[in-house]
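Letter 70 of the sequence shown, counting from 1, is numbered 791 in my numbering, and no numbers are missing.
All remarks here apply to the structure that follows.
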Amino acid sequence: MKVPDSKGYFGRFGGKFMPETLVFCLAQLEKHYRKIRTSRKFRQELGYYLKEYVGRPSPLTHAVRLSGQLGMKIYLKREDLLHTGAHKINNTVGQALLARYMGKKRIIAETGAGQHGVATATVAALFGMECDVFMGEEDIRRQRMNVFRMQTLGARVIPVSSGTRTLKDACSEALRDWVSRVKDTYYLLGSVIGPHPYPMMVRDFQSVIGQEAKRQFRQKEKRLPDYLVACVGGGSNAIGLFYPFFNDKKIKFIGVEAAGEGFFKNSHHSASLVRGRIGILHGTKSFLLQDAYGQISEAHSVAPGLDYPGVGPEHAYYQQIKRAHYVAVNDAQAIEGFKLLSLCEGIIPALESSHAVYYLNIMAKKKANRNKKVILCLSGRGDKDLEIVQEWIR
Ligand SMILES: *Cc1c(COP(=O)(O)O)cnc(C)c1O
722 MKVPDSKGYF
732 GRFGGKFMPE
742 TLVFCLAQLE
752 KHYRKIRTSR
762 KFRQELGYYL
772 KEYVGRPSPL
782 THAVRLSGQL
792 GMKIYLKRED
802 LLHTGAHKIN
812 NTVGQALLAR
822 YMGKKRIIAE
832 TGAGQHGVAT
842 ATVAALFGME
852 CDVFMGEEDI
862 RRQRMNVFRM
872 QTLGARVIPV
882 SSGTRTLKDA
892 CSEALRDWVS
902 RVKDTYYLLG
912 SVIGPHPYPM
922 MVRDFQSVIG
932 QEAKRQFRQK
942 EKRLPDYLVA
952 CVGGGSNAIG
962 LFYPFFNDKK
972 IKFIGVEAAG
982 EGFFKNSHHS
992 ASLVRGRIGI
1002 LHGTKSFLLQ
1012 DAYGQISEAH
1022 SVAPGLDYPG
1032 VGPEHAYYQQ
1042 IKRAHYVAVN
1052 DAQAIEGFKL
1062 LSLCEGIIPA
1072 LESSHAVYYL
1082 NIMAKKKANR
1092 NKKVILCLSG
1102 RGDKDLEIVQ
1112 EWIR
């Protein structure tokens, strides 16, 4: 299997739906990426930063009490233990190094809740690069701490006042800025979304999750797992875990989307793969949340990192060929997952990851899943979400 193809398609999904000027930037980017991805010097340098700065490899922890309670053998891939507390840093370190190789002096990024913005500001400081982060005014208001965190790291946060003043508008604005300053600017995209080559590049940088997990699981269990489970926003932590196991056909992949509050019925509030329709957003063809007129709907979730109205094209493809199964978990259930892991294992999970944790409950109800071996991607730590959960419980 070889996806994407040379035009950036994963089956019928993906591609490069962009104005001429950007198609040129993207082609340049792809050319450089293809050159460095196999270069020994680049791989060594990336390996160095992943180990010495990010803190890889992350452990694969056997969750003993949770396993006992659910009747399955559950391992947690501990992305929560990385520098900055989530998997996003794997991608930002990789792309920032690429930017440096390309001779760029300035990095721009979009951010919703601010987590990708923080991960980008972090590596920009590390490599001494100028950094501008586009963020919707509505998100700036909701996430003041992350705005200050980015500023502390030396980044400029640029408010976006168009549209719904949230992530999708920040993404559009970043693309617009990139066209106008492509000479010195690198656009560091935060998930497996956007035009080709981003979904491929971000997947490659996040695949370190699955590569390590495979090696670690084999060492502990002398075999491969039955299930891989991960939450899906844009889909980068999930694809990072799944991709290295793609050809191990017996292993089932489960992607857990956020259903938000209006759980099913007629609401299109979240869960692009479970509830969305095919469309084009930010240069890629995939499943999107849309209203009856094809307008992009806003996504809503308690988990700040899960409210992008689209999903990566590779996930759309995996769903189409039935390589992965996608399900949705709502806000209240995610909060239960949050409490479950905190109490059972002494690990406070990010609300995004808590969606995946909750789904283990549902799997455990099936008799056929008794004693099955599962790797769950714990994409981040939950310290950032304590206030949200406190509000919720109150
Ligand atoms: C951003 C984020 C996500 C969602 O992004 P993906 O690209 O789907 O991985 C999930 N978990 C955490 C902790 C995040 O910060």
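No residue lacks a Cβ here, since even glycine has one placed at the ideal position from N, Cα and C.
Fair warning: this is a prediction, and the values are worked out from it, not measured in the lab.
- Every beta strand (DSSP E) of 3 residues or more that sits fully in the stretch 831-909 is shown, in chain order, as 851-857, 877-881 and 906-908.
- In the structure shown, G1101 falls within a strand segment according to DSSP collapsed to helix, strand and coil.
- Annotation note: the stretch 934-998 contains the following uninterrupted alpha helix (DSSP H) runs of length 4 or greater, listed N- to C-terminal: 957-963 and 993-996.
- By a beta-carbon distance limit of 8 Å, A1045 contacts F974. Their separation comes to about 4 Å.
- Comparing alpha-carbon positions, the option among G835, L818, C1098 and H1076 lying closest to L781 turns out to be C1098.
- In the DSSP assignment, T1005 falls within the unbroken beta strand (DSSP E) covering T1005 to L1009.
- Approximately 7 Å separates the beta-carbon atoms of F855 and I829; this is inside 8 Å, confirming the contact.
- In this structure, A1071 has its beta carbon less than 8 Å from a heavy atom of ligand 1.
- Counting every other CB atom within 10 Å of its CB across the protein chains shown gives D726 a total below 16, marking it as exposed.
- Taking a cut-off of 8 Å on C-beta distances, the stretch 1071-1082 does not touch the stretch 926-939, as fewer than three cross pairs fall below it.
- Within the stretch 1004-1058, the complete alpha helix (DSSP H) segments at least 4 residues long are 1034-1041, listed from N- to C-terminus.
- In this structure, Q816 has its beta carbon at no less than 8 Å from each heavy atom of ligand 1.
- Counted as a single uninterrupted DSSP element, the stretch harbouring I1114 is not any beta strand (DSSP E) but the alpha helix (DSSP H) occupying residues L1107 to I1114.
- For V953 against Y1047, the beta-carbon gap comes to about 7 Å, under 8 Å, which counts as contact.
- Distances from the alpha-carbon of K935 to those of Y774, K798 and C746 put K798 closest.
- T782: member of the beta strand (DSSP E) spanning L781 to H783, first to last residue.
- If you look at Y796, you'll find it in the beta strand (DSSP E) that goes K794 to R799.
- Placement of the Cβ of C952 at a distance of less than 8 Å from at least one heavy atom of ligand 1 is found.
- A heavy atom of ligand 1 is found nearer than 8 Å to the CB of N958.
- Its chain contains G857, E859 and E1019 as the residues whose beta carbon lies nearer than 8 Å to that of T885, once the 5 sequence neighbours on both sides are disregarded; these appear in chain order.
- In this structure, ligand 1 has a non-hydrogen atom nearer than 8 Å to the beta-carbon of L1027.
- In the structure shown, V1095 falls within a strand segment according to DSSP collapsed to helix, strand and coil.
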